[in-house]
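> If you read the protein sequences in the order shown, they are chains P and Z. The opening residue of the first sequence carries number 1 in UniProt numbering; numbering runs sequentially from there. The opening residue of the second sequence carries number 1 in UniProt numbering; numbering runs sequentially from there. From the three backbone atoms N, C-alpha and C, an ideal C-beta is built for every residue, glycine too.
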Amino acid sequence: MKRFLLFLPLIIFVLVGAFLYKGLSMDPSARESALLGKPMPEFSLPNLHDPLQQITQENLLGEVFILNVWGSWCPSCYDEHEEIVRMAQAGIPIVGLNYKDERSKAFRYLSQLGNPYSLVLFEEDGLRELAFNLGVYGAPETFIFDRDGIVRYHLAGVITPQLVDQVIMPEVRKWQTAQ
Amino acid sequence: MANRSVKSIKHLTFNYLLMALLLALFTTSSYAAIELYDFTDDSYQARYKDVGGKLRCPKCENQSIADSNSPSAYDMRQELYRLLEEGKTDQQIYDFMVQRFGDYVLYEPPMRKDTWVLWYLPPALVLLGLLVAFFLVRSRKKPNSAVKMSVSERQLRIQKILELENNTAPTSSSSNTKES
Numbered sequence: 001m002k003r004f005l006l007f008l009p010l011i012i013f014v015l016v017g018a019f020l021y022k023g024l025s026m027d028p029s030a031r032e033s034a035l036l037g038k039p040m041p042e043f044s045l046p047n048l049h050d051p052l053q054q055i056t057q058e059n060l061l062g063e064v065f066i067l068n069v070w071g072s073w074c075p076s077c078y079d080e081h082e083e084i085v086r087m088a089q090a091g092i093p094i095v096g097l098n099y100k101d102e103r104s105k106a107f108r109y110l111s112q113l114g115n116p117y118s119l120v121l122f123e124e125d126g127l128r129e130l131a132f133n134l135g136v137y138g139a140p141e142t143f144i145f146d147r148d149g150i151v152r153y154h155l156a157g158v159i160t161p162q163l164v165d166q167v168i169m170p171e172v173r174k175w176q177t178a179q
Numbered sequence: 001m002a003n004r005s006v007k008s009i010k011h012l013t014f015n016y017l018l019m020a021l022l023l024a025l026f027t028t029s030s031y032a033a034i035e036l037y038d039f040t041d042d043s044y045q046a047r048y049k050d051v052g053g054k055l056r057c058p059k060c061e062n063q064s065i066a067d068s069n070s071p072s073a074y075d076m077r078q079e080l081y082r083l084l085e086e087g088k089t090d091q092q093i094y095d096f097m098v099q100r101f102g103d104y105v106l107y108e109p110p111m112r113k114d115t116w117v118l119w120y121l122p123p124a125l126v127l128l129g130l131l132v133a134f135f136l137v138r139s140r141k142k143p144n145s146a147v148k149m150s151v152s153e154r155q156l157r158i159q160k161i162l163e164l165e166n167n168t169a170p171t172s173s174s175s176n177t178k179e180s
């Protein structure tokens with residue numbers, strides 16, 4: 001017993017060390033979205049390409065789709081755009097949410113990089129109509145909605161090729177085949 | 001004459017404004033952003049500061065929404081103001097934010113089974129430390145008890161020690177004789 005007590009400080013040190021060492025390699029921004037399993041919030045936003053057309057959640061429901069939050073001011077959005085194009089080419093409907101942006105800059109972005117979106121919602125800077133209620137705190141962010149408009153996946157960060165192949169595409173297919 | 005007094009009044013107010021502006025430069029406020037909110041109730045202002053300091057900015061891990069300049073913190077402050085003006089309670093405001101951004105936004109996490117470690121580990125460790133200190137101090141006092149032996153007890157102990165020495169002495173002496 002005395003022997004054991006002698007080693008106790010070392011044991012505690014090793015345990016705390018292991019705990020802190022693990023913390024070093026953890027990503028502090030990685031956390032589960034609070035929106036998973038929740039329905040799409042109600043909203044009404046104009047179409048980027050047709051300012052007079054107001055779009056609500058009703059217009060989007062009925063099929064599995066991806067919602068991608070982007071802005072021309074967001075450097076990582078340029079990085080992931082290629083992957084959005086690839087998913088659109090694979091036949092997945094992708095709705096864009098132009099976030100805290102200006103119309104003219106958004107147009108320039110899309111004309112430079114191509115427009116993979118089936119529809120782009122325009123949420124002007126200062127509006128808190130949809131993105132805020134989805135818990136968006138930056139761009140890019142990406143959601144998968146199922147047929148009933150329930151959030152099934154939420155990524156706060158950049159889409160990588162691996163994420164597309166290993167997570168996003170399988171997830172979309174899964175909800176497309178779900179009854 | 002009247003014209004002149006109006007002018008001087010204008011001059012005065014300008015001076016006051018300038019002074020107020022200069023004084024404002026010297027205040028140290030934890031609020032990173034300078035935003036003007038017109039609260040309809042005086043108590044809202046204190047609650048705005050209080051709740052804003054307890055909500056964590058989702059974009060920046062170590063800042064409250066009151067301290068952060070990030071656009072998401074700004075949005076949250078705007079919503080906080082709106083909710084206060086709507087007459088929501090603090091708890092309703094926390095719930096509103098948690099619904100969107102998760103428990104992450106709370107600097108004081110809720111008491112639940114999976115957060116017990118967070119709440120109870122630090123006091124438990126303090127208690128453990130106190131216990132260890134207590135036993136260490138107590139064990140250090142023990143040698144003193146030897147002094148408190150009675151005379152007969154001491155005699156008995158000396159006898160025992162002597163007997164032990166007598167028992168070992170022959171073997172050591174025999175080994176000595178063998179060698180010589």
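Would you call the region 85-92 of chain P and the region 120-129 of chain P in contact, with 3 or more CB pairs under 8 Å?
no
> E85 of chain Z to G52 of chain Z, Cα distance in whole Å?
14 Å
> Are any of the Cβ atoms in chain P nearer than 8 Å to that of F134 of chain Z?
no
> Go ahead and pull the three-state DSSP assignment for H49 of chain P.
coil
> Hey, could you find the ends of the alpha helix (DSSP H) R47 of chain Z is sitting in?
D42 to K54
> Counting only runs that start and end within the UniProt domain "Thioredoxin" (34-177) of chain P, where is the beta strand (DSSP E) found for 3 or more residues in a row?
44-47, 50-56, 65-70, 94-101, 119-124, 141-145 and 151-156
> When you compare each of Z:Y74, Z:Q45 and Z:S43 to R56 of chain Z by their alpha carbons, which one comes out closest?
The residue with the shortest Cα to Cα distance from R56 of chain Z is Z:Y74.
> With a CB to CB cut of under 7 Å and the five nearest residues on each side skipped, what residues in its chain are close to I11 of chain P?
none
> Below 7 Å on C-beta distance, what does Y104 of chain Z contact in chain P?
Chain-order list of chain P residues neighbouring Y104 of chain Z: R31, by C-beta distance under 7 Å.
> Using a C-beta cutoff of 8 Å, does P51 of chain P count as contacting chain Z?
no
> Should P161 of chain P be labelled buried (16 or more other beta-carbon atoms within 10 Å of its own) or exposed?
exposed
> To the nearest angstrom, report how far apart S111 of chain P and V85 of chain P are at their CA atoms.
13 Å
> Taking the beta carbon of M1 of chain P as the centre, do at least 16 other beta carbons fall within 10 Å, making it buried, or is it exposed?
exposed
> For L36 of chain Z, which three-state DSSP category applies?
The answer is coil: DSSP assigns L36 of chain Z none of H, G, I, E or B.
> Alpha carbons only, please: which of P:W73, P:I150, P:L20 and P:G114 is nearest the one belonging to L60 of chain P?
P:I150
> Give the straight-line distance between the Cα atoms of D27 of chain P and F13 of chain P, rounded to the nearest whole angstrom.
24 Å
> Does the distance from the C-beta atom of L121 of chain P to that of I168 of chain P stay below 8 Å?
no
> Going by other Cβ atoms of all chains shown within 10 Å of its Cβ, with 16 needed for buried, is P58 of chain Z buried or exposed?
Classification for P58 of chain Z: buried.
> Mind checking the region 118-139 of chain P against chain Z and listing, in chain order, the residues whose C-beta falls within less than 9 Å of any C-beta there?
D125, G126, R128, A131, F132, N133, L134, G135, V136, Y137 and G138
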